[in-house]
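Student: Residue numbers (UniProt numbering): 1 to 426.
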Amino acid sequence: MCSGNRVPFVALDIATIFNHYGRYHRHDANFFATCSVRGCGASYRKLEGFRSHIRRHHKDVVIPGDFAGGIVDREALRDENLIQGINEPQDAPEMDFQKRNALFLLKMKEVHQLTEIATTTLLSDTTSLVQSFVERVEDKVKDCLENAGIVFEDIPGMKDIFSPDNEMTNPFTGLKTKTEQKQYFQDHFGLVEPERYVLGNYHVHIRSGTKRKMVAKPDEMALVPLLKSLEAMLNDPSVINEIEHPHINKTNNGRIYDYCDGEACKSHPLFSRNPSALQIIVYFDEVECVNPLGSKTKKHKIGVFYYTLANIQPKYRSQLKSIQLLAIVKRSVINKYGINAILEPIMEDIIELEKETGYEFTISGKKRTFRGTIAFVSSDNLGSQELGGFKVGPGANLRCRECMGCAEDIKLMVEPTTVFSKSFPG
Numbered sequence: 001m002c003s004g005n006r007v008p009f010v011a012l013d014i015a016t017i018f019n020h021y022g023r024y025h026r027h028d029a030n031f032f033a034t035c036s037v038r039g040c041g042a043s044y045r046k047l048e049g050f051r052s053h054i055r056r057h058h059k060d061v062v063i064p065g066d067f068a069g070g071i072v073d074r075e076a077l078r079d080e081n082l083i084q085g086i087n088e089p090q091d092a093p094e095m096d097f098q099k100r101n102a103l104f105l106l107k108m109k110e111v112h113q114l115t116e117i118a119t120t121t122l123l124s125d126t127t128s129l130v131q132s133f134v135e136r137v138e139d140k141v142k143d144c145l146e147n148a149g150i151v152f153e154d155i156p157g158m159k160d161i162f163s164p165d166n167e168m169t170n171p172f173t174g175l176k177t178k179t180e181q182k183q184y185f186q187d188h189f190g191l192v193e194p195e196r197y198v199l200g201n202y203h204v205h206i207r208s209g210t211k212r213k214m215v216a217k218p219d220e221m222a223l224v225p226l227l228k229s230l231e232a233m234l235n236d237p238s239v240i241n242e243i244e245h246p247h248i249n250k251t252n253n254g255r256i257y258d259y260c261d262g263e264a265c266k267s268h269p270l271f272s273r274n275p276s277a278l279q280i281i282v283y284f285d286e287v288e289c290v291n292p293l294g295s296k297t298k299k300h301k302i303g304v305f306y307y308t309l310a311n312i313q314p315k316y317r318s319q320l321k322s323i324q325l326l327a328i329v330k331r332s333v334i335n336k337y338g339i340n341a342i343l344e345p346i347m348e349d350i351i352e353l354e355k356e357t358g359y360e361f362t363i364s365g366k367k368r369t370f371r372g373t374i375a376f377v378s379s380d381n382l383g384s385q386e387l388g389g390f391k392v393g394p395g396a397n398l399r400c401r402e403c404m405g406c407a408e409d410i411k412l413m414v415e416p417t418t419v420f421s422k423s424f425p426g
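#1: What does DSSP give as the partner residue(s) for ASP285 in the beta ladder?
#2: Measure how close the beta-carbons of LEU227 and TYR197 come, nearest whole angstrom, since I'm counting them as under 8 Å.
#3: What is the DSSP secondary structure of PHE31, counted as helix, strand or coil?
#4: Return the residue from the list ILE374, LEU343, GLY49 that minimises the CA-CA distance to ILE281.
#5: DSSP on ALA375, reduced to helix/strand/coil?
#6: Exposed or buried, which one is HIS20 when buried takes at least 16 other CB atoms within 10 Å?
#7: What three-state label does DSSP hand MET214 in the structure shown?
#8: How would you call residue 456, buried or exposed, if buried means at least 16 neighbouring beta carbons within 10 angstroms?
#9: Answer with buried or exposed for GLY372, where buried requires no fewer than 16 other C-beta atoms within 10 angstroms of its C-beta.
#10: When you compare only the Cα positions, how much space is there between ASN291 and LYS301?
#11: Quick one: grab the DSSP three-state call for ALA118.
#12: Say the cut is 8 Å; is the CB of ALA396 nearer than that to a heavy atom of the ligand ATP?
#13: Between PHE162, ILE150, MET168, which lies nearest to THR127 when the distance is taken from Cα to Cα?
#14: Which partner residues does HIS205 have in the DSSP bridge list?
#15: Taking the alpha-carbon of ASN311 as reference, which of VAL329, ALA327, ILE243, GLU286 has the nearest alpha-carbon?
#16: Do you know whose CA, among PHE305, ARG331, LEU278, lies nearest THR297's CA?
#17: PHE162 and VAL130 look like a contact to me (Cβ under 8 Å); what is the Cβ gap, rounded to whole Å?
#18: Within 10 angstroms of the Cβ of THR308, are there 16 or more other Cβ atoms? Answer buried if so, exposed if not.
#19: Are the beta-carbon atoms belonging to THR173 and ASP165 less than 9 Å from one another?
#20: Return yes when the Cβ of CYS265 is within less than 9 Å of the Cβ of SER272, no when it is not.
#21: According to DSSP, is SER43 helix, strand or coil?
#22: Name the DSSP bridge partner or partners of ASP219?
#23: Indicate the three-state DSSP secondary structure (helix, strand or coil) for PRO64 in the structure shown.
#24: Assuming the contact rule is C-beta atoms closer than 8 Å, SER258 and SER379 should be a hit. Round their C-beta distance to whole Å, please.
#25: What three-state label does DSSP hand LYS142 in the structure shown?
#26: GLY303 and ILE328: beta carbons closer than 9 Å?
#27: Would you kindly work out how many angstroms separate the C-alpha atoms of TYR359 and VAL204, rounded to a whole number?
#28: Return the chain-ordered list of same chain residues with a C-beta closer than 7 Å to the C-beta of MET108, the five sequence neighbours on each side being excluded.
#29: Report yes or no: do the region 234 to 242 and the region 335 to 349 share at least 3 C-beta pairs separated by less than 8 Å?
#30: In this structure, does DSSP put GLY174 in helix, strand or coil?
#31: Helix or strand or just coil, what does DSSP make of ALA277?
#32: Please name the residue, chosen from SER43, ARG212, PRO269, MET214, that lies closest to GLU356 on a Cα-to-Cα basis.
#33: Just reading off the beta strand (DSSP E) that ALA396 is part of, what are its end residues?
#34: Pick helix, strand or coil for LYS107, following the three-state DSSP scheme.
Next comes the structure, spelled out in C-alpha cells:
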C-alpha cells in the first residue's frame, strides 16, 4: 500500500507497487517505502534499495515466469478484505509529467549538485535524446500501419501524439530556463526564496575614465522570511501531524527527554496553555569559507542563523531536512551594526506570530491560525556570549579577582608592594 497519494494506492503484487513508485514517487524528496511481505517491516528511502531487499530476502514469494508481475505475497491473495479494497484503474491518479520532470531537475541540482550550466546541458541533451527515440517510434508505427493497409494520417489523434508540442516529445516544456524552473518550484513545491535585507551603506572610490568618484554600496544580508518558511513547513503533512499531536513523555519517571519535558516549557505562558503553538528553536554559528590557516580568514567569515520546530520529535528534528535556513550575514557586517540589527527583521516576524490573534497561514488551500514564539536559542560559546550581550571571547578583561586589575594594569605592577601575595593554609 502507498499512502503518498491523496487517495491511497493499494495493490496485491509488489511489481505493481514498484511500477507505481517508479512513475509517481521516484524523485520525491521524502520517498519512504516499507516492505509488507509477511510483516517484514523493513523501510527504505530509495526505490533501488527496496527492490534489492525484495530480491535478496523474499525470493520464496516470486512466481516463476511472471517477470513483469514479479513478486506476489500468496498469503495476501487469500485476504478477501484486501482484495475488496484494491483501487480500480479509474481511481489511479493521472501522471503529471511536468511535475516528474521538475523533480528530476531539482534532484540533479540539489542532490547531485549540478551547476546551472551543467543542468541546462543535461536538459538539452535529454530532450534531443527523447525526440530522436520518438521519431524512431513514429517511423516504426508508420511502417506497421502501411503493412496493414492503414494510412497513418487517417487515424484520429495519431498525428498529435508525435507532434513536437506533445509533452512526451518535448518533456521539459515550461522548464527550459532558470526562470521557468524557479517559478514552477515556487508554485508547486513551496520554494521560499531568500531576500536581500539592507542594513546600511558604505562608500568606496572607483575609477571612471580618468576620474575617481565615490559610490555607495549596501551592507546587506540574505534573509529567508520566517513566516513564509513556516508556511512551507506546515504544508508538509508530516510536520502538521507532529504539531497537531504533541509528543509528550508518558513514562512519568521524572526524566527529561526533550524540551517539552522541562519546567521551562511546562511553565511557559504560551506553550503551557497551547500545546500546538509553534515552538521555534533558533541556532547561530559562524563558518569560514576559505582555508582557516590562510590570511583571508576574517575577511570571508560569515554568520548563519538556522531554525527548526521543537514540536517535531527529536528523532525527526535532528534530520537535515527539518532544519531551515533563516539568515546569512558577513562577520564584518555584524561587527559594524551589532547583533541586534541583524535580529531585528527576524523578531518582527516573531512579534506577528506572538499576537493574541495569531498568524494566518494557508495550509493545503485552507486558512489556519497558529501562535508561536522562540522556545530557546542554541549556539556555541562565542555565539551565546554575543547574543546575550556579554563580552565575546574566552579571555577575561579583569585578570585578578584580588586587585581587580585589567590586562594593561597588571603589566605595570612590578613592585612587590603593589602585588597582592596569596597565602595558603598549612
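Yeah, the Cβ is synthetic: ideal placement off N, Cα and C, and Gly gets one too.
Tutor: The answer reads as follows:
#1: VAL304
#2: Between TYR197 and LEU227 the Cβ distance is about 14 Å, and since that is not below 8 Å, they are no contact.
#3: coil
#4: ILE374
#5: strand
#6: buried
#7: strand
#8: Examination of residue 456 is not possible in this model, given that the chain is present from 1 through 426 alone.
#9: buried
#10: 11 Å
#11: helix
#12: The model depicted lacks the ligand ATP and carries no ligand whatsoever.
#13: MET168
#14: MET214
#15: ILE243
#16: ARG331
#17: Contact flag wrong, Cβ pair sits at about 12 Å.
#18: buried
#19: yes
#20: yes
#21: strand
#22: GLY200
#23: Since pLDDT at PRO64 reaches only 37, below the 50 mark, its modelled position is unreliable, and the value read off the structure follows with that caveat. Correct three-state label for PRO64: coil.
#24: Note on identity: in this sequence residue 258 is Asp, with Ser being the wrong assignment. In fact, because the Cβ distance is near 19 Å, the residues do not count as touching under 8 Å.
#25: helix
#26: yes
#27: 42 Å
#28: LEU114, THR119, LEU122
#29: no
#30: coil
#31: coil
#32: PRO269
#33: First-last for ALA396: undefined, no H or E at that position.
#34: helix
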